[in-house]
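Asker:
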Amino acid sequence: MIDTPGHIDFSYEVSRALKAVEGCILLVDATQGAQAQTLTTLNMARELGLTIIPVVSKIDSPLARIPEVKNEIASLLNVPSDQILEVSGKTGEGVEKLLEEVIRRVPPPASEFPEKNIFRSLIFDFQYSNHRGVIVYVRVMSGEVRKNTPLIFKVADKTFTALEVGVFSPSEVPTESLSAGEIGYIVTGIKEPGIASVGDTVSLAKDNLEPLHGYMSPAPVVWASIYPESQDDFTSFKQALSRLKLSDSSFTFEEESSGTLGRGFRCGFLGMLHLEIITERLRREFNLNLIVTIPSITYEILHRNGKREIIYSPSLFPDDNTVEKVFEPWAKVKIITPSQYLGSIMQKLFDHEAIVGEAETFGDNRASVSVDMPLRELMRNFFDELKSVSSGYASISYEMGELKEADVVRLDILVADEPVQAFSKVVSRKRVEEEAEASVEKLYNILPRQMFTTKIQGVALGRIISSRTITAMKKNVTAHMYGGDITRKMKLREKQKKGKKKMKEIGKVNIPQEVFLKMMRSE
């Protein structure tokens, strides 16, 4: 039994896990009902022709809405509600009956390959061990594998020897072999990052086979720069990233340098949740204090000279006068909500440049809405706003769509006439003034005063959109004088004035780390 992730960031991993089985349990929380991601995963299972066993969980909860949720599932699956099982993980009620139904209803493994003796297996997950290297979790599609057999990752084109094979019961149990239809693990001994990946095929090193159908190289969707708060931690930070890469091939990183933040890495993620998981692991498992820049997406630029360029950092986004067209990724979004919140949600969708598709109702009081939306807008606090207008009841899932032409520009934030790369972002042309004013105002309120007057400016389209000035810190240079010649006081004040003017010309603003941290948080 494979427990699949519920979040859309990991939908590819879910699809490979579903490919490894003949049936699945559709588990729906009795207190929440069907979520948007439920529909996405359900559609994957249907496309693969899997046996689906619908189950309502948490029936012991005082907040459980069992009849209502069963009606929702019955409507989605087009089955009688009395065929939907009820279980409680807390009390164990209904679990034995569920396991009996799995045995009765899920068909035995079937082979789709005529060459039944040739070993092929699909990787649906993997983990890393300090002592044993990468351990891949596989479904054997055909043939057999034994310990000490020379094997190969077909997509990565990397050979290795099976140091151990075994099954899960539920912990790892070594066996003599793994055969067609079985799910188990193979210890590879590999300690290089980026070799193993979900969806790759493991076969005998001597066999010249094509990889199993359906493999996709995970492409980063969201990018963010990450820097250690102290540059003394850079080496430890780099080692930590390499360690995470061993157990997560979808995570990418490359070194970069910022004049204000020092050395760090530009990192690619499958989505916002993936970013949160990686940064939280870096902080918790490796005890690192980090600065994470505002997340951004990838843009495709068509320059006026015909050159095409892929940009994944806002600070590298070209000036408007050199650009012919900009293309950005869109997302196909599914929202499930109680019907009474539909009007408020529609307004939010309009605010975020969404194109609303079909809407349908199911169950007693639930609606499902399909929309297309720029990924840029999906990341602009849409999740929080959706939860706010629906009192937390709406859920959302999305999958990546096609690239579409975008009307966007780069917004730079200048401090004392110097652009701060970490604050740059790409925004909709029609919202550039609103974004500039919000960013400048926020920085104005949190940047400490300097010994000289400091300008904060939002610049886009070759002009200053918004500007605020932080006045200089004042020092009473005549405080030590009690009376005396007034001309002497005037000379001291004039000298101070000239000194501040010179300091303004040659001085640099010191931006504390906590200012960066506050600026990276949502507006």
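If you read the sequence shown in numbering that gives the first Met the number 0, its first letter stands for residue 0, the second for the next number, and so on. Glycine residues also receive a C-beta, built at the ideal position from the N, C-alpha and C atoms.
1) Taking Cβ positions, are Ile134 and Ser128 nearer each other than 8 Å?
2) May I ask you to list the residues that DSSP assigns as paired with Lys324?
3) Could you pull out every residue in the same chain whose Cβ sits closer than 6 Å to the Cβ of Tyr20, ignoring the five residues on either side in sequence?
4) Between which two residues does the alpha helix (DSSP H) harbouring Val144 extend?
5) Buried or exposed for Leu62, going by 16 or more other Cβ atoms inside 10 Å?
6) Could you pull the start and end residues of the beta strand (DSSP E) that Pro66 belongs to?
7) Answer with buried or exposed for Tyr11, where buried requires no fewer than 16 other C-beta atoms within 10 angstroms of its C-beta.
8) Look at the alpha carbon of Ser256 and the alpha carbon of Gly400, and state the distance between them as a whole number of angstroms.
9) Name the residue from Pro169, Pro107, Asn116 and Val105 whose alpha carbon lies nearest to the alpha carbon of Tyr136.
10) Give the straight-line distance between the Cα atoms of Glu434 and Gly457, rounded to the nearest whole angstrom.
11) How big is the Cα-Cα spacing for Leu17 and Met43?
12) Please say whether Val55 and Ile65 have beta carbons closer to each other than 8 Å?
13) Ignoring anything shorter than 3 residues, give me the beta strand (DSSP E) runs that lie fully in the region 337 to 362, in order along the chain.
14) To the nearest angstrom, how far is the alpha carbon of Ser248 from that of Ser176?
15) My guess is that Pro219 and Thr251 are in contact by the Cβ rule of under 8 Å, so how many angstroms apart are they, rounded?
16) Kindly indicate which three-state DSSP category Met399 falls into: helix, strand or coil?
17) Contact between the region 307 to 321 and the region 288 to 299: three or more CB pairs below 8 Å?
18) So Val27 and Val68 are in contact, right, with Cβ under 8 Å, and what is the actual spacing, rounded?
19) Quick one, are the C-beta atoms of Ser423 and Val439 less than 8 Å apart?
20) Pick helix, strand or coil for Lys96, following the three-state DSSP scheme.
21) For Asn147, collect the residues of the same chain with a Cβ closer than 7 Å to its Cβ; drop the 5 residues on either side in sequence, then sort them by chain order.
22) Does DSSP put Val439 in a helix, in a strand, or in coil?
23) In chain order, which continuous runs of the beta strand (DSSP E) of length 3 or greater are located wholly inside the region 139 to 177?
24) Cutting at 7 Å between CB atoms, please list the residues of its own chain near Met518, excluding the five before and the five after it.
25) Which runs of the beta strand (DSSP E), 3 residues or longer, sit entirely within the region 218 to 249?
26) Opposite Met372 in the DSSP bridges: which residues?
27) Hey, how far is the Cα of Asp371 from the Cα of Ser396?
28) I'd like the span of the alpha helix (DSSP H) that includes Val13, first residue to last.
29) Assess, as a yes-or-no matter, whether the region 313 to 326 is touched by the region 265 to 276 under the definition of 3 or more beta carbon pairs within less than 8 Å.
30) Just how far apart, CA to CA, sit Gly506 and Gln449?
31) Determine which residues share a DSSP beta bridge with Val408 and list them.
32) Run through the DSSP bridge pairs and tell me what Val458 is partnered with.
33) Measure the CB-CB distance between Val414 and Val426 and report whether it falls below 8 Å.
34) So, is Met215 buried or exposed, given that buried needs 16 or more other C-beta atoms within 10 angstroms?
Answerer: From the atom records:
1) Taking 8 Å as the Cβ cut-off, Ile134 and Ser128 qualify as a contacting pair.
2) Partner(s): Leu301.
3) The amino acid at residue 20 is misidentified as Tyr; the sequence shows Val. Correct list: empty, nothing qualifies.
4) The continuous stretches of alpha helix (DSSP H) do not include Val144, which lies in the beta strand (DSSP E) extending over residues Glu143 to Arg145.
5) Looking at its Cβ environment, which holds fewer than 16 other Cβ atoms inside 10 Å, Leu62 is exposed.
6) Unbroken run through Pro66 is the alpha helix (DSSP H), Ile65 to Leu76; no beta strand (DSSP E).
7) Tyr11 counts as buried, since at least 16 other C-beta atoms from the protein chains shown sit within 10 angstroms of its C-beta.
8) Straight-line measurement puts the Cα of Gly400 at about 32 Å from the Cα of Ser256.
9) When only C-alpha atoms are compared, the closest one is Pro169.
10) Looking at the two C-alpha atoms, the distance is approximately 9 Å.
11) Cα to Cα, Leu17 sits roughly 8 Å from Met43.
12) Yes, the pair counts as a contact, with Cβ atoms nearer than the cut-off.
13) Here the runs fully enclosed are 354 to 361.
14) Whole-angstrom Cα-Cα distance: 27 Å.
15) In this structure, Pro219 and Thr251 form a Cβ contact; the two beta carbons are roughly 6 Å apart against a cut-off of 8 Å.
16) Note: Met399 maps to strand in three-state DSSP.
17) Touching, per the Cβ criterion.
18) Taking C-beta atoms under 8 Å as the contact rule, Val27 and Val68 qualify, at a distance of about 6 Å.
19) No, Cβ-Cβ distance for Ser423 and Val439 is not below 8 Å.
20) If DSSP states are grouped into helix, strand and coil, Lys96 belongs with the helices.
21) Non-local beta-carbon contacts of Asn147 in its own chain, meaning distances under 7 Å to residues more than five positions away in sequence, involve Thr160 and Ala161 in chain order.
22) Here Val439 sits in helix by DSSP.
23) DSSP runs (the beta strand (DSSP E)) wholly in the region 139 to 177: 143 to 145, 149 to 152, 157 to 160, 163 to 167 and 171 to 173.
24) Taking Met518 as the centre and dropping the five residues before and after it, the same chain places the C-beta of Phe422, Lys441 and Leu442 closer than 7 Å to its C-beta, in chain order.
25) Contiguous beta strand (DSSP E) elements confined to the region 218 to 249 occur at 221 to 227, taking only those with 3 or more residues.
26) Met372 is bridged to Ala330.
27) One alpha carbon belongs to Asp371, the other to Ser396, and they sit about 12 Å apart.
28) Element bounds for Val13: Ser10 to Lys18.
29) Too few Cβ pairs lie closer than 8 Å, so no.
30) For Gly506, the predicted model reports a pLDDT of 46, less than 50, meaning its position is unreliable and no value from the coordinates is stated.
31) The partner list for Val408 (beta bridge, DSSP) reads Val426.
32) Answer is Asp411 and Ile463.
33) No; because the gap between Cβ atoms is not below 8 Å, this pair is not in contact.
34) Per the 10 Å Cβ criterion, exposed.
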